[in-house]
Structures are given as structure tokens and as C-alpha cells.
Amino acid sequence: MLDQIFLGNTVKDYLWFLFFILLGFIVSGIIVFISKRFLTRLSNFTKNKVDDIISRILSKPLPFKIVILTIFFNIGFVRLSVSTWWDTAIKQVSFLIYVLAVTLFLIKFFIGLIEEYFETYAAKTDSKYDDQLIPLLKSLIKIFLFIIAVLLVLSNFGYNISALLAGLGIGGLALAMASKDIVENFLAGIVIFIEKPFKIDDILTTKDGTGIVEEIGIRSTKVRTFDNTLIVVPNRELSSFAVENISQRRARKENFTLGLTYGTSLKKMEEGKKIVTNILNKNKNVEKDSFYVTFESFGDFSLNIRVIYWIPGDYDVYMKTKDEVNTAIKKEFEKAKIEFAFPTQTIELKK
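Be aware that the sequence shown starts at 7, since it is given in my numbering, and climbs by one per residue.
Quick look at the structure:
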């Protein structure tokens, strides 16, 4: 019965083929388990991060199991007599699996190195430009390894890589037109990185809104608005249209009016102006000799004191200083019994 021939192969050959597939499942599980245990123990005795990175990659072992299973599949497949077409197809698919698995491993490995070493270093520096470089490096690694993988697979499938690359000169125009936006965004990303018009954590105002730069990628830039919405802006737009970098302001201007009741005497008015002036002079975050406290106008229901001052520093300093100044004004005006006005109307009745 085992020697009975079916579709050109004996039953024994098919059983051997199934045995090697089953063995592949078992061996792949054992190898991954032993590798993870060994690397976990090794990482406890070493200071470098390489074994930690590989251990993390093996925590999702499906690609490795598929590779090992493919190897045993081919070992069993050798025992079968098949047509040349099937033999070539199986070899090409197996090679594709090997290349994809190795490419995925290398991408995860190199990105892991960047995260363990470069990101750790970048976190210790005050500069934001090294933080900006990290997403760019990750993208370039993925693109480079992907291109190498595609060329290897095409070569294995029988394509002449040299002729293919030369042929790109003929189809280059069509390819450029099809990938126009991709190329423009890529080049704009390079320009942004070189010229540094903004960096991570800067506050930008674009045509889509205002927010904090979270990531500058090779194709787009991610901006988180103050209501926690994520805006993904193509780099081409950031380099082609006007973008306001609020973080690059020398200082932020604060401009408001204090409305006092019409019953406020001139003496109290002058006292109020003096209180505000002293508060601004004492606050270390307010630019000295560049603020204004003036009796500006007679409003519909209030005597208006205009207050203008400048706050150097980032957005957090700006908001903190506003809070300090406003709180101090409220506190001191209450002590001096200076009353703020609110909208009122006087109605005169004549008989």
C-alpha cells in the first residue's frame, strides 16, 4: 500500500513530505523557545542592548517559524517528483519568504538599535534636531532594505536587474509623474531637515490649525493641536505655503483692557496704574522697559486702562506668566478697593 503510486509519487513519499512539515512545526517551536530563553538569560549578564533587541524581535516569532517551516517543507518536497514548473515555483516562493523574513528582521533590528542608542542619547540632549533625525533615519532604513529585498526577489525570478535599472530611464518620466507627490514630499522633508525652519515641540500655525510638532517624517509632519487632534501635514505644503512658527517669536505679546467703574476717582485710577506697573516690573518673565500701562479711553460703561507687555520664552512660560500677572492684579485691586466695571445701562425716565 505504501508503494502505491498516486500522481507520480508513492504514498510513502507523501507521508515523508507530511512528516517533514510536522517536524518543521515542532522544530520551529523548539528553536524559538530555546533562543528566547537563552537571550533572556544572556541579557541579564551583558550591558549591551543587542541581545535585548533580538529577544524583543523573537517575542513575535511568526516570521521565524514560517522560515523554519519553509526549510522543512523544501526538505520534504525534494522527495516528490513534480513538474519543472512546480519545482521552480516552490523554489521562488521559498526564496521570497526567506528574503521577506530577513528584511523584516533587519528592519526591526536596526530600528531597535536606533531606539536603544540614538533615542536614549537624544533624550539626554537639549537639542530637538536629533529627535527630528530619528524618524528620518527609520524611514530611510525601511526604504533602503525594501529596495534591496525587491531587487533580490526580481533577480531570483529571472529578471535582469541591470537591464531593469537601465530601462527605468525610459519609463522614468511616467514613474516620476505617478509618484510626483511622493517625490515632492520626500525632497521637502530633506529641505526641512537641512534648513530647520521648525523642530519637534515647536508650536506651528498651518492652514489646517495650530499645534505642537510631534514628529517630522520623510513624507509628512505630525502636529498635535491643543484639543488633542492629530494633524498630518504633507511636507510639500509646509515648504510651499506660509507657516507661522510661534515658538520662534522673540517674545509673546499680551494685550488686554482693565475696565474700571465710572465711580473710580482719578486718584484710584493712578493707583491702579501704579499697581499694574509694579506687578509687571517684579515679574521676572516680563520684558522690562517694553510694557505699557495707560488710561486709554472712556468706554460705554467703564474707564479703560490698556495693558501691553511681552513675555520671552516658550508657551508654558507664557501661560504661567499670564496667570501670575492676572492673579496679582486681581489680588491687589481687591486690597485697594478698586472695582472692575461690568456692562450696565442707565435708563432715565421723564414725566
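Ideal Cβ positions, reconstructed from N, Cα and C, are used throughout, including at glycine. These numbers were taken from a predicted model, which means no experiment stands behind them.
Y298 lies in the beta strand (DSSP E); which residues open and close that run?
Y298 to F304
Comparing alpha-carbon positions, which option in L264, N234, K280 and F348 lies nearest E302?
Nearest option by C-alpha distance: L264.
Looking at the structure shown, is K202 part of a helix, part of a strand, or coil, going by DSSP?
coil
Buried or exposed: where does L179 fall if 16 or more other Cβ atoms within 10 Å of its Cβ makes it buried?
At L179 the pLDDT is 48, less than 50, meaning the model places this residue with poor confidence; the figure from the coordinates comes in the next sentence. The residue is exposed, with fewer than 16 neighbouring Cβ atoms inside 10 Å.
Report buried or exposed for G35, applying the criterion of at least 16 other Cβ atoms within 10 angstroms of its Cβ.
exposed
Throw me the rounded Cβ distance for the A371 and I281 pair, which I believe falls under 8 Å.
Since the first residue shown for the chain is 7 and the last is 357, residue 371 is missing from the structure and cannot be characterised.
Given a cut-off of 8 Å on the beta-carbon distance, is the pair I120 and K144 in contact?
yes
Counting Cβ pairs closer than 8 Å, one from the segment 228-237 and one from the segment 245-259, do we hit at least three?
no
Would you check if the segment 109-117 and the segment 148-166 touch, i.e. whether three or more CB-CB distances between them fall below 8 Å?
Yes: the two stretches touch, three or more of their Cβ pairs being nearer than 8 Å.
Within 7 Å: the Cβ of I200 and any heavy atom of the ligand ADP?
Here there are no bound small molecules, and the ligand ADP is not part of this structure.
Exposed or buried, which one is L28 when buried takes at least 16 other CB atoms within 10 Å?
exposed
From the DSSP output, in three-state form, read off E190 for me.
helix
Are V105 and L158 touching if we call contact CB-CB under 8 Å?
yes
For F163, count neighbouring C-beta atoms within 10 Å of its own C-beta (all shown protein chains included) and say buried if the count is 16 or more, exposed if not.
For F163, the number of other beta carbons within 10 angstroms of its own is below 16, and it is reported as exposed.
Compare the Cα-Cα distances from Y268 to each of N310, E243, K294 and R258 and report the closest residue.
N310
According to DSSP, is R255 helix, strand or coil?
R255 falls in the coil class under three-state DSSP.
Which residue's Cα is closest to the Cα of Y315: N291, K337, D322 and A334?
N291
DSSP on F358, reduced to helix/strand/coil?
As shown, the chain starts at 7 and ends at 357. That puts residue 358 outside it, with no answer to give.
Taking the beta carbon of A194 as the centre, do at least 16 other beta carbons fall within 10 Å, making it buried, or is it exposed?
Residue environment for A194: buried (at least 16 other C-beta atoms within 10 angstroms of its C-beta).
With 8 Å set as the bound, which would you pick, yes or no: does the beta-carbon of D207 sit closer than that to a beta-carbon of chain B?
As a matter of chain content, chain B is missing from the structure shown, which is built from one protein chain.
At a cut of 8 Å, does the segment 203-213 reach the segment 239-248 through at least three beta carbon pairs?
yes
From the DSSP output, read off the bridge partner residues of I222.
T227
Where does the unbroken beta strand (DSSP E) through I335 begin, and where does it stop?
Per DSSP, I335 belongs to no beta strand (DSSP E); it is in the alpha helix (DSSP H), Y321 to K341.
Quick one: residues in its chain with C-beta nearer than 6 Å to the C-beta of E338, no 5 flanking neighbours on either side, listed in chain order?
Here the set comprises I281.
If you follow the beta strand (DSSP E) that I237 is in, where does it begin and where does it stop?
L236 to P240 is the span of the beta strand (DSSP E), which, as asked, contains I237.
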